[in-house]
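Heads up, the thing below is written out as structure tokens.
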Amino acid sequence: MNAILDALALTGRAVIGAFRATGRLALFALSGLSHLLRPPFYGRMFLRAFVEIAYFSLPVVALTAVFTGMVLALQSATGLSRFSIESAVASLVVLSVTRELGPVLAGLMVAGRVGAAMAAELGTMRVTDQIDALATLSTNPMKYLVAPRLLAGIIALPLLVVVADLLGVLGGFIIATLKLGFNPGIYLANTVDFVQTGDVVSGLVKAAVFGFLIVLMGCYHGYNSRGGAQGVGSATTSAVVAASVLILAFDYVLTELFFAR
Amino acid sequence: MPDLATPKIRLRGLTKRFGDKQVLDGIDLDVMPQTSMVVIGGSGSGKSVLIKCILGLIEPDEGAIEIDGQDVLKLDRRGREAAAARIGMLFQNGALFDSLPVWENVAFGLLARHKASRAEARARAGDILAQVGLAASVGELSPSELSGGMQKRVGLARAIAARPDILFFDEPTTGLDPIMGAVIDGLIVDCVKKLGSTAIAITHDMASARRIGDRAAMIHKGRIIWEGAAADLMDSGNPMVDQFTHGRREGPIEMELRK
Ligand SMILES: Nc1ncnc2c1ncn2[C@@H]1O[C@H](COP(=O)(O)OP(=O)(O)OP(=O)(O)O)[C@@H](O)[C@H]1O
Ligand SMILES: [Mg+2]
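The listed protein sequences derive, respectively, from chains H and L. When you line the first sequence up against this note's numbering, it's residues 1 to 261, in that order. When you line the second sequence up against this note's numbering, it's residues 262 to 520, in that order.
What follows is the structure, encoded as structure tokens:
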């Protein structure tokens with residue numbers, strides 16, 4: 001009997017804890033976003049975060065996209081019949097990349113790079129009292145540290161995904177023409193025929209959501225980290241893990257919203 | 262003419278607990294205008310928490326914090342931000358912004374309040390650095406390139422930049438050699454005098470306490486157990502204070518080693 005009660009109490013505590021954590025996170029997100037609407041605005045901090053996310057993530061995202069496009073072309077060519085192969089490869093590559101793999105892979109790459117870096121930076125600022133110091137210098141830390149980063153994430157990720165889409169298609173094109181011997185003109189024509197605005201736009205909307213989630217996780221875990229270097233370390237890990245899981249979960253939800261009829 | 266009869270800072274019954282740990286347990290303290298109060302007390306006795314409560318960085322559970330006779334805990338967010346903006350703070354470990362060059366650290370408060378353009382702020386930062394005995398060229402360095410003593414000076418420069426009428430110093434000389442400690446103390450006394458500020462300084466260093474302070478208070482187990490002239494610290498007549506200031510192992514204060 002006691003064992004059952006203990007188990008129940010434990011479950012109850014875990015559920016309450018989960019609700020409390022979600023509530024705290026939601027308040028944090030709302031506070032960060034609301035500061036985007038009220039001056040002062042920190043353009044300098046926005047630019048710094050934007051360059052960090054967009055520009056410095058470009059090489060990783062580009063490489064990931066090219067290889068993904070190449071693999072997609074190769075895989076689909078071996079799985080399909082000779083009969084419909086030329087149009088099928090082109091459509092499969094362009095639809096997979098724009099709708100799904102571009103945003104998800106770019107999101108995961110950026111989560112590893114930027115989410116971790118932000119959690120480490122804000123976490124260090126927290127444990128060395130720099131966040132408190134901001135408040136004593138007439139500066140709201142949420143407005144100065146979190147809001148500009150959120151905006152940068154929301155804008156930078158879609159731009160990265162535009163690049164990823166183009167390079168993913170290029171990767172598929174390279175394999176299709178050089179290795180599979182397709183006609184380049186027909187491949188490109190097929191690609192353009194198959195892709196619709198909705199495919200690209202849905203991918204970009206996903207990217208904006210992922211960008212928000214990555215930065216939110218990085219900032220939230222960093223901002224609330226406790227207990228010295230170890231606390232900063234676990235904040236970094238939590239930020240990356242949480243962002244990655246959330247990206248995949250929201251990917252499903254958004255796909256359901258866009259495409260399931 | 263400033264009112265010198267009302268305490269600049271007046272704490273009544275200030276209480277704060279973290280979890281089941283009672284850190285502040287009814288602090289009463291008055292600091293008169295244009296005087297310096299030194300707060301001493303063992304490690305973990307809640308000195309930093311006390312200062313952070315007054316700054317509005319930690320919300321106390323109970324009690325009153327009056328600045329110029331006005332209870333800041335009863336003000337709205339804007340009012341509290343305005344009250345906090347009048348306080349300059351030198352943090353225990355400096356808390357310099359390591360992503361910004363030294364001059365931007367010093368001028369941060371000025372820039373945040375839009376009191377100056379970037380060019381003006383940079384020039385002002387040079388002047389303020391000179392006040393704490395640093396060359397203007399130090400302004401171009403990053404905080405991580407400075408020695409501990411220089412970091413304290415920069416922290417001091419940042420704290421006084423906006424000419425606050427209240428200044429807090431959290432262990433300004435800890436970790437410095439005795440000469441540098443005396444230099445920093447001298448700078449603190451100069452700055453406080455020049456600005457006509459009211460100061461609270463936390464320290465473990467008795468020489469420093471007597472140099473900086475007009476008055477002194479000792480905090481133990483979340484309460485103020487003694488208050489008097491800083492000059493009397495070494496022979497206060499209070500057994501706990503005596504044990505602390507003379508660093509005796511035996512006495513009424515038992516270190517809670519097992520905690
Ligand atoms: N944010 C916090 N959350 C939980 N506990 C805290 C927090 N801040 C401080 N404490 C606890 O409050 C107690 C007092 O801390 P405080 O930093 O004020 O000590 P201190 O008197 O400044 O010591 P020192 O001289 O070593 O700096 C400590 O036991 C600390 O663990
Ligand atoms: Mg302290």
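Beta carbons: idealized from backbone N, C-alpha and C, even for Gly.
Could you tell me whether the Cβ atoms of glycine 324(L) and leucine 290(L) are closer together than 8 Å? no
Measuring CB to CB, does leucine 268(H) end up less than 8 Å from valine 209(H)? It is not possible to answer for residue 268(H), since the shown part of chain H is limited to 1 through 261.
Any beta carbon from chain L within less than 8 Å of threonine 139(H)'s own beta carbon? yes
Given 8 Å as the limit, is there contact between the stretch 463 to 479 of chain L and the stretch 494 to 503 of chain L, that is, 3 or more CB pairs closer than that? yes
Would you say the beta carbon of glutamine 295(L) comes nearer than 7 Å to a heavy atom of ligand 2? no
Would you mind telling me which residues of chain H sit closer than 8 Å to lysine 313(L), beta carbon to beta carbon, in chain order? Asp132
In chain order, each beta strand (DSSP E) run of at least 3 residues that lies wholly inside the stretch 451 to 518 of chain L: 459 to 463, 476 to 481 and 484 to 490
With C-beta atoms as the reference, is valine 240(H) less than 8 Å away from alanine 54(H)? no
Can you list, in chain order, the residues of its chain with a C-beta nearer than 8 Å to that of leucine 246(H)? Leave out the 5 residues immediately preceding and following it. Leu213 and Met217
Every unbroken alpha helix (DSSP H) within the stretch 321 to 408 of chain L, with a cutoff of 4 residues, ordered by chain: 338 to 346, 363 to 367, 369 to 373 and 379 to 392
Beta-carbon spacing of arginine 278(L), aspartate 322(L) below 8 Å: yes
Taking contact to mean 3 or more Cβ pairs, one atom from each stretch, closer than 8 Å, check whether the stretch 339 to 351 of chain L and the stretch 385 to 398 of chain L are in contact. no
So is the beta-carbon of glutamate 432(L) under 7 Å away from any non-hydrogen atom of ligand 2? yes
Lysine 520(L) versus leucine 311(L): straight-line alpha-carbon distance, rounded: Confidence in lysine 520(L) is poor, its pLDDT being 45 and thus under 50, which makes the residue's placement unreliable; the coordinate value appears in the next sentence. Computed Cα separation, rounded: 21 Å.
Residue closest to phenylalanine 173(H), alpha-carbon to alpha-carbon, out of Phe46(H), Asn224(H) and Tyr187(H): Tyr187(H)
Tell me whether aspartate 165(H) is buried or exposed, calling it buried when 16 or more other Cβ atoms sit within 10 Å of its Cβ. buried
Does the beta carbon of aspartate 165(H) come closer than 8 Å to any beta carbon on chain L? no
Nonlocal neighbours in the same chain, by C-beta distance under 6 Å from histidine 35(H), ignoring five residues either side: Met142, Lys143 and Ala147
Residues that aspartate 129(H) contacts on chain L, provided the C-beta gap is smaller than 8 Å: Phe352, Gln353, Asn354 and Ala356
Coil, strand or helix - aspartate 431(L) by DSSP: strand
Measuring straight from C-alpha to C-alpha, what distance separates asparagine 183(H) and phenylalanine 67(H)? 21 Å
Measuring straight from C-alpha to C-alpha, what distance separates threonine 267(L) and isoleucine 326(L)? 14 Å
Select from the stretch 17 to 29 of chain H all residues with a C-beta closer than 9 Å to any C-beta belonging to chain L, and list them in chain order. none
On the criterion of 16 or more Cβ atoms from any shown chain inside 10 Å, does histidine 507(L) qualify as buried, or is it exposed? exposed
Might you give, ordered along the chain, the residues of its own chain that have their beta carbon closer than 7 Å to the beta carbon of alanine 491(L), omitting 5 neighbours on each side? Val299, Ala470, Arg471, Gly474, Asp475, Arg476 and Ala477
Quick check on alanine 135(H) - is its C-beta less than 8 Å from some C-beta in chain L? yes
Per DSSP, which residues does glutamine 283(L) bridge with? Please list them. Arg278(L)
C-alpha gap between arginine 149(H) and leucine 395(L), whole angstroms: 34 Å
So if I threshold CB-CB distances at 9 Å, which residues from the stretch 467 to 487 of chain L count as touching chain B? Here chain B cannot be found, since the structure's protein chains are H and L.
Determine, for phenylalanine 430(L), whether the minimum Cβ-Cβ distance to residues of chain H falls below 8 Å. no
Do glycine 32(H) and cysteine 219(H) have their C-beta atoms closer together than 8 Å? yes
Leucine 318(L) CB to nearest chain H CB: under 8 Å? yes
Going along chain H in order, which residues have a C-beta closer than 8 Å to the C-beta of isoleucine 348(L)? Thr136
Apply the 10 Å Cβ neighbour rule to histidine 221(H) and answer buried if 16 or more other Cβ atoms are within range, or exposed otherwise. buried
What is the rounded straight-line gap between the Cα of valine 363(L) and the Cα of alanine 117(H)? 23 Å
Measuring only between beta-carbons, confirm whether arginine 374(L) sits less than 8 Å from chain H. yes
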